[in-house]
Structure formats: structure tokens, C-alpha cells
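Working notes, beginning with the structure itself.
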Amino acid sequence: MGNIYNILKKNRSKKGLSNCSEMVFFKNFRGILKMNPIFSKYLEIDNDFDILKANIIIKAIINKEELDNAINDMYIANANLSLDSIKDDIREKISDLPYISYDNFKIYIPFFNKATNIVYSNDSEKMFQYPYIELFKKFESFIVDPFETYNIELFSSLFTQLVKISESPTAVAFYHYEFNAIFIINKQGSLDNIIYLFDKYMKNPHKYDIIEKVRPLVQAYFDNDLSLFIYTLYKNDLVSYYVFRKICKQYQI
Numbered sequence: 000m001g002n003i004y005n006i007l008k009k010n011r012s013k014k015g016l017s018n019c020s021e022m023v024f025f026k027n028f029r030g031i032l033k034m035n036p037i038f039s040k041y042l043e044i045d046n047d048f049d050i051l052k053a054n055i056i057i058k059a060i061i062n063k064e065e066l067d068n069a070i071n072d073m074y075i076a077n078a079n080l081s082l083d084s085i086k087d088d089i090r091e092k093i094s095d096l097p098y099i100s101y102d103n104f105k106i107y108i109p110f111f112n113k114a115t116n117i118v119y120s121n122d123s124e125k126m127f128q129y130p131y132i133e134l135f136k137k138f139e140s141f142i143v144d145p146f147e148t149y150n151i152e153l154f155s156s157l158f159t160q161l162v163k164i165s166e167s168p169t170a171v172a173f174y175h176y177e178f179n180a181i182f183i184i185n186k187q188g189s190l191d192n193i194i195y196l197f198d199k200y201m202k203n204p205h206k207y208d209i210i211e212k213v214r215p216l217v218q219a220y221f222d223n224d225l226s227l228f229i230y231t232l233y234k235n236d237l238v239s240y241y242v243f244r245k246i247c248k249q250y251q252i
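Once you know that position 238 of the sequence shown is 237 in numbering that gives the first Met the number 0, the rest is easy, because the numbers rise by one and skip nothing.
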């Protein structure tokens, strides 16, 4: 099916793409990635998946700053309060931050492992003891690869705008409304494919009930059923007749 994805990508509509929230967020906050050399690699953008990953890291860095400030402020300003009260106030301050539900625990900083996140959320008094006091400034030794550590859970979390469609034993399909694309992400957290929909030749694409429209397409993908995949693209108004014919010609259908 490889050539299909290239055709869909080549003919994708880019209308409004530069002003979508994902792109605007990345442009506005990418400077955060330059502040620490460990994160600068996420500035290398080759596709929309790289934008999603970069934005996850940016949001995680912002979360860390919010947690650092909340912990510092609460312990300094409320020395007379009980430890439980301080922790309750910290939890309230961070309640609106994005997180991953992982092993029945909220992970707010995915470039730290679960144990370090527990210190931040549950055992914050340890933040003023060695080695955790290093987390405020020199935290490089605590960093893990978030995509290797939390895998597919990271993309199913509040760190992204992805909507889960369905899954196979090895991968999960997500839809992104702004990119008009299906992301096939394997359960190790790496990208398998991007399926771009609503090409530039569609004047008035019908995007209503999109999740229901793409379910059979994703099933055909997981079943490796090329003919059904191509047929569903056109039948469910996901591509123009022009692109449909181009794909049919490529595969001599």
C-alpha cells in the first residue's frame, strides 16, 4: 500500500494548516526546546507526527515549570500548614494540566519515569532533599525517553488532540481533526503511517461523522485489504474522484 500514502500526502489540502492550533502552538513555544540541548532534537521536523511529538515535549516542560513553581511557592509561603494541606493545594493548582493515565497514576512530566513523577505529585516534600532537589535545575540525569517509556499511552493522553479510532494487536489508529489525517502508531510509540484525507481537489468535503467514516477504512488497513481500502476512500467521501482515479491507475484497478 506504500504508494497510496505518498499519493494522499502529495495531494493533501494545506488550506489553513499553518494557522491550526498544533502549528501555532509549536511556532509560539518551540523556543522552549532550545533552552535545553537534550530537547533540541525535537526541533527537527520532518512530518506532522514530529509536530505532535514536539508539542508533547513542550507541554511536558511547561508542566514541569508549573509543578516546580507550585511546590516552591506552597512550601515557602505555607510553612505553618500541615503537609497534607500543602499537598492538597498543590494538586488543586495542577489539576488543569495535561497528563497520562499510566498504571492508575497521573504522569504530568513524561520525560521523567513513574517514580520521579510520584515524587512530584505525592511526595513533594522530598523535592527539597538530595537527589530530588536536583530536579529544580540540573535534572538531566533524571530524563528518560518519554516515547520509549510510555509508548502508545502518551498518544492516548491529554497531551495530544488525537482521537482513537480502533486498534490491532500491534498498532492504534488515531484521527486528528486539524491535520485531516489518520495516524497509525505502533504500540511501541513509533509512527507506522499517516493517511491524509480530504485532498485539495475536494471543494466542499463532507467531514461530518468522520470517525464512523474512517472506521471501515482503518479496518481495511489493518486487514491489509488493498481493494477495500481504496474503495472505502472514495465510497465514504474521504478523497476526490481525481485522487481516487490516480490511485486506481497506480494499482491498475
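Built from N, CA and C at the ideal position, the CB exists for glycine as well.
Bear in mind the structure is a predicted one, so any value in this text is a computation, not a measurement.
Using the Cα positions of residue i and residue j, report the straight-line distance between them to the nearest angstrom.
i	j	result
PHE141	ASN27	27 Å
PRO109	LEU96	12 Å
ILE70	GLU64	10 Å
CYS247	LEU32	43 Å
ASP88	MET73	8 Å
TYR41	LYS245	35 Å
ILE132	SER120	15 Å
SER39	ILE56	10 Å
LEU216	LEU196	11 Å
LEU80	MET126	17 Å
GLN251	SER165	30 Å
Does any CB atom of chain B fall closer than 9 Å to the CB of residue i?
i	result
LYS186	The chain labelled as chain B is not found in the depicted structure, where only one protein chain is given.
Would residue i pass as a contact of residue j if the rule is Cβ separation under 9 Å?
i	j	result
VAL242	TYR200	yes
SER100	GLU152	yes
ILE61	ALA53	no
PHE48	PHE182	yes
VAL213	ALA172	yes
HIS176	ILE209	Residue identity check: residue 176 is Tyr in the sequence provided, not His. Result yes, Cβ atoms of TYR176 and ILE209 sit closer than 9 Å.
SER123	LYS86	yes
Tell me, please, which residues DSSP counts as bridged to residue i.
i	result
HIS175	ALA180
ASP83	Answer by DSSP bridge pairing: none, since ASP83 is not bridged.
Which residue's Cα is closest to the Cα of residue i: the options?
i	options	result
PHE221	ASP236, ILE252, PRO168	PRO168
SER94	VAL143, ILE106, ASP102	ILE106
GLN187	ASN5, VAL23, LEU66, TYR149	TYR149
Checklist line | Cβ pair count under 8 Å reaching 3, the segment 190 to 200 against the segment 1 to 20 | finding: yes
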